[in-house]
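Residues in the sequence shown are numbered consecutively from 0, following numbering that gives the first Met the number 0.
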Amino acid sequence: MTSRLPFLLISDFNLSNLAALLSKDPGAPGLDAAAAPFGQVMQTLMNPRAAEWSADTAGAVVWSTPQSVCLGFRQLLEGLEADPESLLAQVDEFCQAVRSIPRQVKYIFVPAWTVDPFEGRLGVLDMDARQGISMALMRMNIRLAGQLRQDPRVVVLDASRWVAVHGQKSFSPRLWYMSKTPFSVDLFKEAALEIRAAMSALLGQAKKLIILDLDDTLWGGIVGDVGWQNVRIGGHDPAGEAFADFQAALKTLKRRGILLGIVSKNEESTALEAIRSNPEMILQLDDFAGWKINWKDKAQNIADLASELNLGLQSVVFIDDNPVERDRVRAALAEVLAPDWPANPMEYRAALRRLRCFDAAHVTEEDRQRSEMYVSERKRRESGAQVESVEQWLRALQMQVTVEPASLANIERIAQLLNKTNQMNLATRRMTREELWAWSQRTENMLFGFRVSDKFGDYGLAGLAGLHRESPASPESEVVDFILSCRVMGRKVEETMLHVLSRHAKGQGVGRMRLEYRPTSKNQPCLGFLETAGLAREGHVFSLDLTETYPQPGTAALIIPPDLEAAWQGELCHKGT
0 MTSRLPFLLI SDFNLSNLAA LLSKDPGAPG LDAAAAPFGQ VMQTLMNPRA AEWSADTAGA
60 VVWSTPQSVC LGFRQLLEGL EADPESLLAQ VDEFCQAVRS IPRQVKYIFV PAWTVDPFEG
120 RLGVLDMDAR QGISMALMRM NIRLAGQLRQ DPRVVVLDAS RWVAVHGQKS FSPRLWYMSK
180 TPFSVDLFKE AALEIRAAMS ALLGQAKKLI ILDLDDTLWG GIVGDVGWQN VRIGGHDPAG
240 EAFADFQAAL KTLKRRGILL GIVSKNEEST ALEAIRSNPE MILQLDDFAG WKINWKDKAQ
300 NIADLASELN LGLQSVVFID DNPVERDRVR AALAEVLAPD WPANPMEYRA ALRRLRCFDA
360 AHVTEEDRQR SEMYVSERKR RESGAQVESV EQWLRALQMQ VTVEPASLAN IERIAQLLNK
420 TNQMNLATRR MTREELWAWS QRTENMLFGF RVSDKFGDYG LAGLAGLHRE SPASPESEVV
480 DFILSCRVMG RKVEETMLHV LSRHAKGQGV GRMRLEYRPT SKNQPCLGFL ETAGLAREGH
540 VFSLDLTETY PQPGTAALII PPDLEAAWQG ELCHKGT
């Protein structure tokens, strides 16, 4: 059974309903939520030794009303004027209190401030700078988000969306007077869903691949019957317009790094011709990382496509208009999310946007280019059939591996690799961006990123490795992290990384490099590589005598920063990054 994360809920009103909803949900990530006594917000935040904080508290939800932390806002509600600058100064004080939460608390969620839509209504004065509650609330929330960005642990959640879903029913005067609970149970359910989605994003558990049916899912009609010219997509047809909007929404997700794939019962040539030839198609073939278009069982095709893309089934969402196919996939592939889907295509885009499984804590440039990388990979596989050997194929790819010491410019992507990569991962160590950066800046540690590209495209920063040396006099360096994206596994990038690490260690006067493999249920590929890499072995500990550096494969050009190259030639090694 997976461990559950202890969460503390802090508020000036009763949050016991939210605590129950978060704790009773059996899904991942598991949370154990406890509500602190309400009405003690600032006291709890500013006292790290308060009884409510325990050493194992992993996260906190700080949900306040604006009038409880901002005297100026309370004055507005009482019909008085408030100085805008004074309001913002009070917001700053609240943000400082949030940032003082004990450092062992890694995840902090702060719902933005809301009020009952009719609270303090002034009509034409709602947006007045000194009297308008709506104007004040907007400014306060903008300031809240800006100030809390200074603490990377904090995520501000847009609670106005939760209110928008249920409207006036979001607020319950009856519950307020009976139990000091201002919101309805339905709003708390919405909040719980959003908090769990945010935690999934921070833990790297977001879905990565949407697999789509074609007929009556991406377009209207059966292409094999009506021909690609007559499928319903775009134009002045309401259903056709809805299908086009659905495709546009999918393309938006693709630009955020979500992969798209196709599993359809169709003739492949007919289906692909429709995508290539119909001018109304928003999605083109290069928008899809891969496809399985045939008459086989869809569950098997989904499993095969996910395997081909080196993704686990837990990363997959399957969208199909046919409830029978969805039921089959749920029965055969329990890890795949196959959501219920509306019968009317005019509701497709809204249904897609309601899915909370694609949230991401950050979107990097590599994320935006992920689909293009997979398309390039498909072309690489196709080119591999035209060469005589793997070695010849690797040379024909014209690969380049660029070494990058960790820096503020790349630490975000390096942290993503550390926390999301499972297969080629020596120790499966997990750290936040800030913890990893602090680790990399210690004099005894060195952290490298590795960018990989070839003639078909750029993989971006696809590998990382961390070295630790106990002291300047120590004869041994330990490889703490050795991680490579599955997209470039088996292309001798692993050997190139060992070559770089051995050169760096030898340049520091180290005589031996040590790697300890820590097994998990998913990182057997790393063990397989180490067993064939020509290293000495004792159990799960592998080592390399640095009398000579580990040989550099001849299949990739290695690009090294000049300062590192100089250090490896025997000069004193400085971090300097």
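No residue lacks a Cβ here, since even glycine has one placed at the ideal position from N, Cα and C. In this text, all values refer to a predicted model and were calculated from it rather than measured experimentally.
Practice item. Let me know the secondary structure DSSP gives HIS467 once reduced to three states. Key: Position 468 of the sequence shown, counting from 1, holds the residue named residue 467. It is a strand residue.
Exercise for review: With DSSP as the reference, label THR531 as helix, strand or coil.
Suggested key: For this step, residue 531 is matched to residue 532 along the sequence shown. The answer is helix: DSSP assigns THR531 an H, G or I state.
Point to revise | Collapsed DSSP secondary structure at SER263 in the structure displayed | key: The sequence position of residue 263 within the sequence shown is 264, counting from 1. DSSP places SER263 in strand when its eight states are reduced to three.
Check your understanding: Cα separation between GLU266 and GLY226?
Key -> If you number the sequence shown from 1, residue 266 lands on position 267. If you number the sequence shown from 1, residue 226 lands on position 227. Taking the straight line from one Cα to the other gives about 12 Å.
Review point. Is it right to say PHE12 is buried, meaning 16 or more other beta carbons lie within 10 angstroms of its own, or is it exposed?
Key: Your numbering for residue 12 matches position 13 in the sequence shown. Looking at its Cβ environment, which holds 16 or more other Cβ atoms inside 10 Å, PHE12 is buried.
Check your understanding: How many angstroms separate the CA atom of GLY575 from the CA atom of LEU446?
Key -> Mapped onto the sequence shown, residue 575 falls at position 576. Mapped onto the sequence shown, residue 446 falls at position 447. The predicted position of GLY575 is uncertain, since its pLDDT is 37 and thus under 50; no value can be drawn from it.
Check your understanding: According to DSSP, what are the bridge partners of PHE108?
Key -> Against the sequence shown, residue 108 aligns to sequence position 109. According to DSSP, PHE108 bridges with VAL60, VAL154.
Check your understanding: When the Cα of PRO322 is compared with those of THR216, VAL222, ILE281, LEU466, which residue comes out closest?
Key -> Locating residue 322 in the sequence shown gives position 323, where the first residue counts as 1. Ranking the options by Cα distance to PRO322, first place goes to THR216.
Check your understanding: If you compare alpha carbons, which of ILE274, THR64, GLN422 is closest to GLY223?
Key -> Walking along the sequence shown from the start, residue 223 turns up at place 224. When the alpha-carbon of GLY223 is set against those of ILE274, THR64, GLN422, the nearest one is in ILE274.
Check your understanding: Quick one: Cα of MET398 to Cα of SER452, how far?
Key -> The count along the sequence shown starts at 1 and reaches residue 398 at position 399. The count along the sequence shown starts at 1 and reaches residue 452 at position 453. About 6 Å.
**Study point:** Close-in-space but distant-in-sequence residues of the same chain around GLN313 (CB under 7 Å, 5 per side omitted)
**Key:** Working through the sequence shown from its first residue, we reach residue 313 at position 314. The residues are GLU334.
Review point. Shortest alpha-carbon distance to VAL262 belongs to which of LYS297, GLU240, PRO237, LEU192?
Key: Numbered from its first residue, the sequence shown carries residue 262 at position 263. Here the closest residue by C-alpha is LYS297.
Check your understanding: When you compare each of GLY71, LEU30, ARG412, SER183 to ILE132 by their alpha carbons, which one comes out closest?
Key -> To locate residue 132, count along the sequence shown from 1; it is residue 133. Of GLY71, LEU30, ARG412, SER183, the residue nearest in Cα terms is GLY71.
**Study point:** C-alpha gap between LEU407 and GLU433, whole angstroms
**Key:** Within the sequence shown, residue 407 is the residue found at index 408, counting from 1. Within the sequence shown, residue 433 is the residue found at index 434, counting from 1. Spanning the two alpha carbons is a distance of roughly 10 Å.
Review point. For MET0, which residues of its own chain have a beta-carbon under 8 Å away from its beta-carbon, when the five flanking residues on both sides are left out?
Key: Locating residue 0 in the sequence shown gives position 1, counting from the first residue. Caution applies to MET0, whose pLDDT of 37 falls short of 50 and renders its modelled position unreliable; the value that the coordinates give is listed next. Closer than 8 Å at Cβ, skipping near neighbours: no residue.
Point to revise | Neighbourhood of LYS188 by C-beta distance below 8 Å, restricted to the same chain and skipping five residues each side | key: In the sequence shown, residue 188 corresponds to position 189, counting from 1. Cβ within range, chain order: LEU20.
Review point. So, helix, strand or coil for THR495, using DSSP?
Key: Numbered from 1 along the sequence shown, position 496 holds the residue referred to as residue 495. In this structure, THR495 counts as helix in the three-state DSSP scheme.
Point to revise | Residue burial classification, VAL316 (beta-carbon count within 10 angstroms, cutoff 16) | key: For the purposes of this step, residue 316 is taken as the residue at position 317 of the sequence shown. Buried is the call here.
Review point. DSSP three-state call for LEU557: helix, strand or coil?
Key: Here the question's residue 557 lines up with position 558 in the sequence shown. DSSP places LEU557 in strand when its eight states are reduced to three.
Practice item. Give a yes or no on contact between the segment 26–33 and the segment 167–183, applying the rule of three or more CB pairs nearer than 8 Å. Key: A contact between stretches requires three or more CB pairs, one per stretch, nearer than 8 Å, and the segment 26–33 fails this requirement with the segment 167–183.
Check your understanding: In three-state DSSP terms, what is ARG505?
Key -> For this step, residue 505 is matched to residue 506 along the sequence shown. Strictly speaking, residue 505 in this sequence is Lys, with Arg absent from that position. It is helical.
Check your understanding: If you check the beta carbons only, do ARG327 and ALA248 fall under 8 Å apart?
Key -> Walking along the sequence shown from the start, residue 327 turns up at place 328. Walking along the sequence shown from the start, residue 248 turns up at place 249. No; because the gap between Cβ atoms is not below 8 Å, this pair is not in contact.
Exercise for review: Look up ARG511 in the DSSP assignment and say whether it is helix, strand or coil.
Suggested key: Within the sequence shown, numbered from 1, the residue matching residue 511 stands at position 512. ARG511 falls in the strand class under three-state DSSP.
**Study point:** Boundaries of the beta strand (DSSP E) in which ARG450 is found, first to last residue
**Key:** Here residue 450 refers to the residue found at position 451 when the sequence shown is read from its first residue. Where ARG450 is concerned, the enclosing beta strand (DSSP E) stretches over 444–453.
Check your understanding: So the alpha helix (DSSP H) VAL225 belongs to, where does it begin and stop?
Key -> For the purposes of this step, residue 225 is taken as the residue at position 226 of the sequence shown. Per DSSP, VAL225 belongs to the alpha helix (DSSP H) from 222–225.
Review point. How is SER15 classed by DSSP in three states: helix, strand or coil?
Key: Residue mapping note: residue 15 aligns to position 16 of the sequence shown, counting from 1. SER15: helix per DSSP, three-state reduction.
Review point. When burial is assigned at 16 or more other CB atoms within 10 Å of the CB, is LEU545 buried or exposed?
Key: Start at 1 with the first residue of the sequence shown, and residue 545 comes out as number 546. LEU545 should be labelled buried.
**Study point:** DSSP-derived helix/strand/coil call for VAL315
**Key:** Taking the sequence shown and counting its residues from 1, one reaches residue 315 at position 316. VAL315 falls in the strand class under three-state DSSP.
Check your understanding: By Cβ distance below 7 Å, which residues in the same chain neighbour ALA135 in space, the five residues on each side in sequence not counted?
Key -> Here residue 135 corresponds to residue number 136 of the sequence shown, with the count starting at 1. These residues qualify, in order along the chain: PHE72, LEU75, ALA81, LEU86.
Practice item. Please state whether DSSP places ASP286 in a helix, a strand or coil. Key: Taking the sequence shown and counting its residues from 1, the one referred to as residue 286 is at position 287. Helix.
Exercise for review: Per DSSP, which residues does THR113 bridge with? Please list them.
Suggested key: Counted from its first residue, the sequence shown places residue 113 at position 114. Its beta-bridge partners do not exist; DSSP assigns none.
Check your understanding: Just reading off the beta strand (DSSP E) that PHE357 is part of, what are its end residues?
Key -> The residue given as residue 357 occupies position 358 in the sequence shown. Where PHE357 is concerned, there is no enclosing beta strand (DSSP E), given that its DSSP letter is neither H nor E.
Check your understanding: With burial defined as no fewer than 16 other Cβ atoms inside 10 Å of the residue's Cβ, what is the status of GLY465: buried or exposed?
Key -> What you label residue 465 is simply residue 466 of the sequence shown in a count that begins at 1. GLY465 comes out buried.
Practice item. Per DSSP, which residues does MET423 bridge with? Please list them. Key: Counting from one through the sequence shown, the residue named residue 423 turns up at place 424. LEU483, per the DSSP bridge assignment.
Exercise for review: Determine the contact status of PRO552 and THR495, defining contact as a CB-CB distance below 8 Å.
Suggested key: For the purposes of this step, residue 552 is taken as residue 553 along the sequence shown, with counting starting at 1. For the purposes of this step, residue 495 is taken as residue 496 along the sequence shown, with counting starting at 1. Going by C-beta atoms, PRO552 is nearer than 8 Å to THR495.
Exercise for review: Would you identify the three-state DSSP class for ILE9, choosing helix, strand or coil?
Suggested key: Along the sequence shown, one-based indexing puts residue 9 at 10. If DSSP states are grouped into helix, strand and coil, ILE9 belongs with the strands.
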